[in-house]
Amino acid sequence: MLGSTNEQGVYTSPMMFPGTYDLLAVDSEVTGADADLFARLWRARNRAKRVELGNNATVEVALTPAPLP
126 MLGSTNEQGV
136 YTSPMMFPGT
146 YDLLAVDSEV
156 TGADADLFAR
166 LWRARNRAKR
176 VELGNNATVE
186 VALTPAPLP
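Under our numbering, think of the first position of the sequence shown as 126, with each following residue one higher.
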């Protein structure tokens, strides 16, 4: 899922299914969904923050944007 923050740097996602998610913030706009983008995201996965969502959970996570490799 891709999204952008508001003026205060806050991103609110639509409802998500329970499960484990890896979250990553980047310092530039991400557009499109091509093979190069997915390769760059895959290389950056070691910086991701893993979050477990339960049923009806609300989670707040602080991330620091970084460039994609």
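Even for Gly, the Cβ is constructed at its ideal location relative to N, Cα and C.
According to DSSP, residue pairing for G144 in a beta bridge involves L178. Assigned with DSSP and collapsed to three states, A173 falls in coil, not helix or strand.
Residue pairing for V151: DSSP places it in a beta bridge opposite A191. Annotated as distal: P143 and A173, with beta-carbon spacing of 9 Å or more. Counted as a single uninterrupted DSSP element, the alpha helix (DSSP H) harbouring D161 occupies residues 160–168. Cα atoms of Y136 and D159: separation of roughly 23 Å, rounded to the nearest angstrom.
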